[in-house]
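Quick notes on the structure that follows.
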Amino acid sequence: MSSSDDSRGGLRGSGQAHRPIHPNQGTRMGFEGASGLLFEQAMAQTRMAVCLTDPRLPDDPIIFCNEAFEQLTGYRREEIIGRNCRFLQGPDTDQRQVTKIREAIQEEDVVVVEILNYRKDGSSFWNTLHLGPIYDAEGNLTYFFGSQWDVTDIHQSRAEERHAKALAREISHRMKNVFAVIGGIVNITGRSMDAKNVANKINDRVQALGRSYEPTLDDAVLGTIQVGQAIRAVLAPYDPEGDRIKFNGNGVRTEPNAISAIGLALHELAANATKYGALSNENGVVEVSWVHRKDKFDRNSLEIEWVENGGPPIKGEPDPGGTGFDIADTLLSHSRGTLEREWNPAGLRAVITVPIGSR
Ligand SMILES: Cc1cc2nc3c(=O)[nH]c(=O)nc-3n(C[C@H](O)[C@H](O)[C@H](O)COP(=O)(O)O)c2cc1C
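The following block contains the structure:
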């Protein structure tokens, strides 16, 4: 270890010392010894921009920077050495981040900030700046070390994601309003035309459709929706206590397109169960399961199974030709899906199958 007075550098406690470094030393800093050589080689090779400043000189100038720093900022080394790093800041740099850095430097703290910086050509980039103090073997503050990483892409995709989420929330909010307004129109029209029962039926379907879209919209950013969320949302009003409908499925996702047909089919099944099936008495239960699998035509399909138990004995399809299942059948056939129904004595078993990725 060098004991000369001007020996400076070395990470605190590393026991390494280097000869003094001055801004006028040009492009090669010439750190001494094996560790100095290693440092220089590592700095030359890393893609991370790195610089050292000398807090003992007026205005804490940069006394070393690597090639990645030149590439990131567009300045040549001789234009960099000797300046305070603030020359990278510009009109839209957030002063709160600058204050954070200033305070960290005063306190000799390590700090990480994301700050808008500018290249020589005037273009801006988001810089994740990591800086901290370096002490010599005697514990004297010798350098500040800074590493800069261009995170513009990440920053942009985060901003886009935030924007898309805000948009999805807004659309979701408006859709809910639209469904509420449609419900109001249907009710008022039904009442004024003495067709309250028909209006109620239409309204139930409209509202079920609305519910099936709630998770869809909140998840719109991802381009797919969680099947389980949509199923639960549609069926929630039919099981207020939460103990009559059991859900078996994992986080299977599917395209949003299939959801209207599925939502309406589930609504018809639940409405039927409430009137005649497992949800029409005290003890009946419904089990709803969903999986992705190959259907009988070897297409990737989403399969939702509906099994009722514990309801009154079934003597066959109730109200054949009623419009409920007709609507579900028609809508499903538009997505090349099916709704198979088995009217077993113990309860209805139905399977909704919708091909996915084959539109
Ligand atoms: C080692 C080191 C690296 C720095 N790197 C940057 C940088 O890449 N971008 C930046 O905007 N500020 C950087 N700074 C911060 C500025 O140099 C300066 O400390 C900051 O603007 C706060 O001081 P001021 O209020 O006097 O400008 C760095 C500071 C140090 C010590």
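Each residue of the sequence shown is one higher than the last, beginning at 1 in UniProt numbering. For each residue, glycine too, the CB sits at the ideal point set by N, CA and C.
Checklist line | Whole alpha helix (DSSP H) elements within the UniProt domain "PAS" (62-108), 4-residue minimum | finding: 67-73, 77-80, 95-107
Margin query: Would Glu114 and Thr128 be called neighbours here (beta carbons separated by less than 8 Å)?
Written below: yes
Next item on the list: Give the DSSP-derived three-state secondary structure of Glu241 in the structure shown.
Entry: coil
Notebook entry, point to check: If you follow the alpha helix (DSSP H) that Glu40 is part of, which residue opens it and which one closes it?
Noted result: 33-45
Next item on the list: Whole angstroms is fine: what's the gap from Gly9's alpha carbon to Asp121's?
Entry: Interpretation of Gly9 is limited by its pLDDT of 38, a score under 50 that renders its predicted location unreliable; no figure is taken from the coordinates.
Check: For Gly263 versus Ala208, is the C-beta spacing smaller than 8 Å?
Finding: yes
Item checked: Thr46 Cβ short of 7 Å to ligand 3 heavy atom set -> Among the ligands in the structure shown, ligand 3 does not appear; only ligand 1 can be found there.
Margin query: Output needed for Gly284: all residues of its chain with C-beta closer than 6 Å, excluding positions within five of it in sequence on either side, in chain order.
Written below: Ala278, Gly310, Gly311
Margin query: Using a Cβ-based criterion (distance less than 7 Å to any ligand heavy atom), does Val151 qualify as near ligand 1?
Written below: no
Note to self: With the cut-off set at 8 Å, would you say Ile259 and Ser212 are in Cβ contact?
What the structure shows: yes
Next item on the list: Classify Ala180 as helix, strand or coil using the three-state DSSP reduction.
Entry: helix
Notebook entry, point to check: How long is the line joining the alpha carbons of Leu296 and Leu302, rounded to whole angstroms?
Noted result: Sequence check: residue 296 is Lys here, not Leu. Spanning the two alpha carbons is a distance of roughly 12 Å.
Notebook entry, point to check: If we ignore side chains and look at the alpha-carbon of each, how far apart do Asp239 and Glu305 end up?
Noted result: 17 Å
Next item on the list: Might you give, ordered along the chain, the residues of its own chain that have their beta carbon closer than 6 Å to the beta carbon of Glu287, omitting 5 neighbours on each side?
Entry: Lys246, Val307
Notebook entry, point to check: On the three-state DSSP scale, how would you describe residue 425?
Noted result: One cannot answer for residue 425 here, as it falls past the ends of the chain, which runs 1 to 359.
Note to self: Check for me: the beta strand (DSSP E) holding Arg341 runs from which residue to which?
What the structure shows: 338-344
Check: Per DSSP, which one or two residues make a beta bridge with Asp150?
Finding: Asn127
Note to self: Quick check on DSSP: helix, strand or coil for Val110?
What the structure shows: coil
Next item on the list: Use the C-beta contact count for Leu37: other C-beta atoms within 10 angstroms, 16 or more gives buried, fewer gives exposed.
Entry: exposed
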